[in-house]
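Single-structure report; data block below.
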Amino acid sequence: MNNIFVYIEIEEGKVADVSLELLTKGRELASTLGVGLDAVVLGEKLAGIEKELAKYGADTVWVADDKTFAPFRTLPHTAVLCGLIEQEKPQIVLFGATCIGRDFAPRVSSALHSGLTADCTQLVIGDHKDPKTGKEYTDLLYQIRPAFGGNIIATIVNPDCRPQMATVREGVMRKEYAAQPGRGEVRAIDWKKFVKDTDLAVRIVERQIEERKIDIKGAGIIVAGGYGMGSKENFKLVHELADVLGGEVGASRAAVDAGFTDHARQVGQTGVTVRPKLYIACGISGQIQHTAGMDQSSMVISINSDPEAPICKLADYAITGDVNDIIPKMIKYYKQNSK
Amino acid sequence: MKNQLKIVVLAKQVPDTRNVGKDAMTPEGTVNRAALPAIFNPEDLNALEMALSLKDRVEGATVHILTMGPQRAADIIRDAMFRGADGGYLLSGREFAGSDTLATSYALSCALRKIGPDIIIAGRQAIDGDTAQVGPQVAEKLALPQVTYAEEIVEIKDASLVIKRRLSSGTEVVECPVPAVVTVNASAPECRPRNAKRVMKFKCALAGSEIAAAPDSEAAQRAVAKPYLQIVEFAAADVDPDPRQLGLSGSPTKVKKIENVVFQAKEAKRLTAADEDINSLMVELIASHTLG
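Quick mapping for you: the protein sequence lines, in order, are chains A and B. Position 45 of the first sequence, counted from 1, bears residue number 45 in this note's numbering, the numbering being contiguous throughout. Position 156 of the second sequence, counted from 1, bears residue number 156 in this note's numbering, the numbering being contiguous throughout.
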């Protein structure tokens with residue numbers, strides 16, 4: 001009873017990475033609380049889906065398998081999830097902070113009148129004492145997230161309302177097989193009793209799926225360029241270095257806003273979160289909005305003309321100088337030494 | 001679409017967190033909110049543009065702003081009027097202080113019940129919270145369908161809108177009956193600029209409490225004389241709320257702790273652009289198998 005729910009998102013017939021990351025975290029939280037971990041899947045042609053989810057620790061896999069649920073539409077998803085939550089009374093529900101999770105999780109929270117914290121970067125179980133009433137709570141979910149443009153880190157709790165709900169962005173948490181696989185027991189959701197005709201009011205006319213061409217999340221080496229690259233022309237140097245080193249190209253928001261490169265490459269609070277083994281920041285000053293997306297990198301090299309730029313404080317190696325001079329030298333000496 | 005289509009844009013005045021410069025942080029490393037300018041939330045401007053373009057296409061349609069905030073939030077209503085909005089509503093009061101997204105959505109939904117719009121358009125999210133929750137929650141409170149991440153209204157039908165949405169994996173076109181709540185992405189068209197004639201016409205538009213604060217001023221006298229210059233101001237009691245659902249008591253989420261982000265100083269190895277520095281760095285990285 002009062003298990004942890006993870007909403008499982010299906011992307012083109014495959015379980016989204018963020019859902020597996022949430023199961024990994026959910027498994028840890030469920031062990032701390034001594035409760036079960038339930039995966040909830042709404043979609044179409046889901047036979048066998050429990051096998052993968054069990055590897056990540058799911059004990060129960062709730063399934064609504066019908067064309068009503070694919071492609072995703074807000075109202076039927078909301079109705080089914082609300083119905084299932086009222087039926088099973090989980091204490092925690094986790095969603096990916098994706099186009100889908102950010103669309104319907106708020107609606108679920110409103111319908112159930114319970115709190116939802118967006119874009120959490122950490123989830124921890126802990127106790128809480130209300131500063132006004134002195135009332136004490138044990139084993140709440142601490143929902144930790146950056147706020148105010150990333151300048152503060154807030155810890156949010158939902159003391160009185162259940163379930164406690166949170167969304168987490170893709171790539172923020174680790175994805176790992178559970179030490180002990182879950183049971184993966186499939187239970188069908190009796191969804192027809194939850195969905196009303198009015199929930200089908202929005203009609204999908206057309207969908208155009210564009211392949212995600214650029215995917216820097218999984219890259220081991222990222223060479224990122226900022227506004228300090230100076231121009232779109234100079235930004236090509238970033239690509240050259242990335243090509244030579246076998247890495248991907250990232251960018252700061254300023255570089256994307258200036259049109260140097262594509263938004264899909266943006267690292268940071270409004271872009272993607274990365275944790276490569278090597279991050280080379282070229283002409284990036286290191287505003288908190290950017291560093292929030294890369295400060296988990298194993299090693300950081302910064303190239304900046306300003307020795308006082310904030311990025312230098314994060315860097316393992318801070319090279320002071322002109323990017324247009326230094327990047328070609330890095331390419332040259334890498335080639336010389338790697339042979 | 002019917003005549004006299006009533007469009008309401010939900011908008012928020014926010015501190016400009018995008019340009020947090022040196023003076024925006026205190027010496028202790030905390031945010032100096034006073035140093036951040038208050039601006040029209042960027043995606044709410046995209047929402048305003050979508051509303052205005054709908055007004056251009058539907059004869060007799062009107063566009064009004066609804067914002068919740070302190071008195072100075074009337075600034076964004078005036079700004080919207082300069083850009084083409086017909087007027088606005090300011091929802092203001094101490095009862096709303098400390099609202100989380102759910103309490104905010106509840107308060108806005110009470111005001112919207114009073115206003116009775118056909119279409120509600122909002123920015124996807126505000127830059128001070130980045131939650132993207134208020135639009136969907138308002139829709140739920142009013143039992144309306146929602147279309148999030150809208151980029152373009154493709155077609156206006158008798159009782160529905162055909163809307164193109166921007167998703168991370170591509171685009172989707174949906175047909176949604178009205179009334180409905182639409183949230184607009186930053187990738188939608190930018191808002192039209194302020195119009196000089198409209199600035200002259202509406203610069204004295206004032207909310208009730210602004211008039212009351214300086215009743216003898218020239219601006220207040222003009223606003224009193226001309227109804228189109230009056231920004232409707234709602235206090236909590238005007239929108240018939242359940243008081244338990246407002247402000248802190250209506251907010252399930254509580255802030256337990258706030259930490260300011262302070263850069264942790266780590267000693268970086270300093271290098272110059274000299275050939276020998278770059279060469280030895282590359283040798284080191286290759287030797288440690290970080291590269292190659």
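For each residue, glycine too, the CB sits at the ideal point set by N, CA and C.
Closer than 8 Å is the cut-off here; do at least three beta carbon pairs connect the stretch 192–204 of chain A with the stretch 76–83 of chain A?
Touching, yes, given that three or more Cβ pairs across the two stretches are closer than 8 Å.
By Cβ distance below 6 Å, which residues in the same chain neighbour A:L278 in space, the five residues on each side in sequence not counted?
Mapped onto the first sequence, residue 278 of chain A falls at position 278. Here the set comprises I221 and M299.
Tell me, please, whether the CB atom of A:L278 is closer than 7 Å to any CB atom in chain B?
Walking along the first sequence from the start, residue 278 of chain A turns up at place 278. Yes, because at least one Cβ of chain B sits closer than 7 Å to the Cβ of A:L278.
Taking three-plus beta-carbon pairs below 8 Å as touching, is the stretch 103–110 of chain B in contact with the stretch 244–253 of chain B?
Yes: the two stretches touch, three or more of their Cβ pairs being nearer than 8 Å.
Closer than 8 Å by beta-carbon distance: list the chain A residues that pair up with B:Q137, in chain order.
Walking along the second sequence from the start, residue 137 of chain B turns up at place 137. Within 8 Å Cβ-Cβ: P106, R107, S109 and S110.
Three or more beta-carbon pairs under 8 Å between the stretch 66–82 of chain B and the stretch 204–224 of chain B, yes or no?
Yes, since at least three Cβ pairs between the stretch 66–82 of chain B and the stretch 204–224 of chain B fall closer than 8 Å, the two stretches touch.
For A:A166 versus A:R27, is the C-beta distance shorter than 7 Å?
Translated into positions along the first sequence, residue 166 of chain A becomes position 166. Translated into positions along the first sequence, residue 27 of chain A becomes position 27. No, the Cβ-Cβ distance between A:A166 and A:R27 is not below 7 Å.
Between the C-alpha atoms of A:A16 and A:G321, what's the straight-line distance to the nearest angstrom?
Stepping through the first sequence from its first residue, residue 16 of chain A is reached at position 16. Stepping through the first sequence from its first residue, residue 321 of chain A is reached at position 321. Taking the straight line from one Cα to the other gives about 42 Å.
Excluding the 5 residues preceding and the 5 following B:A137 in the sequence, name in chain order all residues of the same chain whose CB lies nearer than 7 Å to its CB.
To locate residue 137 of chain B, count along the second sequence from 1; it is residue 137. Note that residue 137 of chain B corresponds to Gln in the displayed sequence, not to Ala. The residues are T101, L102 and S105.
If we ignore side chains and look at the alpha-carbon of each, how far apart do B:D3 and B:E155 end up?
Against the second sequence, residue 3 of chain B aligns to sequence position 3. Against the second sequence, residue 155 of chain B aligns to sequence position 155. Sequence inspection shows Asn at residue 3 of chain B; the Asp mentioned does not correspond to that position. B:N3 and B:E155: Cα-Cα distance of roughly 16 Å.
Taking Cβ-Cβ distances shorter than 9 Å, what residues in chain A pair up with B:R270?
Within the second sequence, numbered from 1, the residue matching residue 270 of chain B stands at position 270. Under the 9 Å cutoff, chain A gives P307, C312, Y317, A318, I319 and T320.
If I follow the unbroken beta strand (DSSP E) through A:V186, where does it start and stop?
Residue numbering aside, residue 186 of chain A sits at position 186 when the first sequence is read from its first letter. Counting along the chain, the beta strand (DSSP E) containing A:V186 begins and ends at E185 to A188.
What does B:G129 touch in chain A if you count any residue whose Cβ is under 7 Å from its own?
The count along the second sequence starts at 1 and reaches residue 129 of chain B at position 129. Residues of chain A passing the Cβ test: A147.
Consider the Cβ of B:Q71: report whether some Cβ of chain A lies at a distance smaller than 7 Å.
Locating residue 71 of chain B in the second sequence gives position 71, where the first residue counts as 1. Not closer than 7 Å to any Cβ of chain A, the Cβ of B:Q71 fails to qualify, so no.
Check each candidate in A:G259, A:P159, A:G226 and A:Y317 and name the one with the smallest Cα separation from B:K256.
Indexing the second sequence from 1 puts residue 256 of chain B at position 256. It is A:P159.
From B:K203 to B:R78, what distance separates their C-alpha atoms?
Along the second sequence, read from residue 1 onward, the residue named residue 203 of chain B stands at position 203. Along the second sequence, read from residue 1 onward, the residue named residue 78 of chain B stands at position 78. Spanning the two alpha carbons is a distance of roughly 7 Å.
Give the list of continuous beta strand (DSSP E) stretches no shorter than 3 residues that lie fully inside the stretch 232–316 of chain A.
Qualifying beta strand (DSSP E) stretches, in chain order: 248–251, 278–282 and 299–304.
Checking 7 Å against the spacing of the C-beta atoms, do A:Y333 and B:M282 come in under that value?
On the first sequence, residue 333 of chain A is found 333 positions in, with the first residue counted as 1. On the second sequence, residue 282 of chain B is found 282 positions in, with the first residue counted as 1. Their beta carbons are under 7 Å apart, which means A:Y333 touches B:M282 by this criterion.
Per the contact definition of three or more C-beta pairs closer than 8 Å, is the stretch 199–209 of chain A in contact with the stretch 128–137 of chain A?
Touching, no, given that fewer than three Cβ pairs across the two stretches are closer than 8 Å.
What's the call for A:E344, buried or exposed, on a 16-neighbour Cβ count within 10 Å?
The structure shown does not extend to residue 344 of chain A, since chain A spans only 1 to 339, so no value can be given for it.
I'd like the list of long-range same chain contacts for A:G35, defined as Cβ closer than 8 Å, with 5 residues on each side in sequence excluded.
The residue given as residue 35 of chain A occupies position 35 in the first sequence. The sequence as given places Val at residue 35 of chain A; Gly does not occur at that position. Same-chain partners within the cutoff: M1, N2, N3, I4 and Q91.
For A:R107, count the other beta carbons within 10 Å of its own beta carbon; 16 or more makes it buried, fewer makes it exposed. Which is it?
Translated into the one-based positions of the first sequence, residue 107 of chain A becomes position 107. Per the 10 Å Cβ criterion, buried.
Which same chain residues end up closer than 6 Å to A:Y7 when comparing Cβ atoms and leaving out the 5 residues on each side of it in sequence?
Sequence index remark: in the first sequence, residue 7 of chain A carries index 7 (1-based). Closer than 6 Å at Cβ, skipping near neighbours: V40 and F95.
Report the CB separation of A:N304 from A:G283 in whole angstroms; it is logged as a contact under 8 Å.
As a working note, residue 304 of chain A is residue 304 in the first sequence. As a working note, residue 283 of chain A is residue 283 in the first sequence. Indeed, because the Cβ distance is near 7 Å, the residues count as touching under 8 Å.
Would you call the CB atoms of A:V274 and A:V267 closer than 7 Å?
Within the first sequence, the letter at position 274 stands for residue 274 of chain A. Within the first sequence, the letter at position 267 stands for residue 267 of chain A. Yes, these two residues count as a Cβ contact at 7 Å.
Are the stretch 126–143 of chain B and the stretch 104–120 of chain A touching, with three or more C-beta to C-beta distances below 8 Å?
Yes, the stretch 126–143 of chain B is in contact with the stretch 104–120 of chain A.
Quick one: Cα of A:R169 to Cα of A:D119, how far?
Within the first sequence, residue 169 of chain A is the residue found at index 169, counting from 1. Within the first sequence, residue 119 of chain A is the residue found at index 119, counting from 1. Between A:R169 and A:D119, the C-alpha separation is close to 6 Å.
Does any residue of chain B bring its CB to less than 7 Å from the CB of A:D65?
Looking up residue 65 of chain A in the first sequence gives position 65. With 7 Å as the cut-off, A:D65 does not count as an interface residue toward chain B.
Is A:Q208 buried or exposed, if buried means 16 or more other CB atoms sit within 10 Å of its CB?
As a working mapping, residue 208 of chain A is identified with position 208 in the first sequence. Classification for A:Q208: exposed.
Which of the three DSSP states, helix, strand or coil, is assigned to A:P146?
Mapped onto the first sequence, residue 146 of chain A falls at position 146. Of the three classes helix, strand and coil, the one that applies to A:P146 here is strand, per DSSP.
Taking the continuous beta strand (DSSP E) assigned at A:I204, which residues delimit it?
Residue 204 of chain A sits at position 204 when you count from the first residue of the first sequence. Note, A:I204: beta strand (DSSP E), R203 to I209.
Helix, strand or coil for A:V195, going by three-state DSSP, please let me know.
Residue mapping note: residue 195 of chain A aligns to position 195 of the first sequence, counting from 1. Three-state DSSP puts A:V195 in coil, outside helix and strand.
Sort A:D295, A:N324 and A:I327 by Cα distance to A:K313 and report the nearest one.
The residue labelled residue 313 of chain A in the question sits at position 313 within the first sequence. Nearest C-alpha to A:K313: A:D295.
What residues of chain B sit near A:S338, judged by a beta carbon separation below 9 Å?
By 1-based counting over the first sequence, the position of residue 338 of chain A is 338. Within chain B, the residues near A:S338 are M282, I286, L291 and G292.
Classify B:V138 as helix, strand or coil using the three-state DSSP reduction.
In the second sequence, residue 138 of chain B corresponds to position 138, counting from 1. Helix at B:V138.
Pop quiz: B:L54 and B:A85 are said to be a contact at Cβ under 8 Å. What is the actual Cβ separation, rounded to whole angstroms?
Here residue 54 of chain B refers to the residue found at position 54 of the second sequence. Here residue 85 of chain B refers to the residue found at position 85 of the second sequence. Actually they do not touch by this definition, with Cβ atoms about 12 Å apart.
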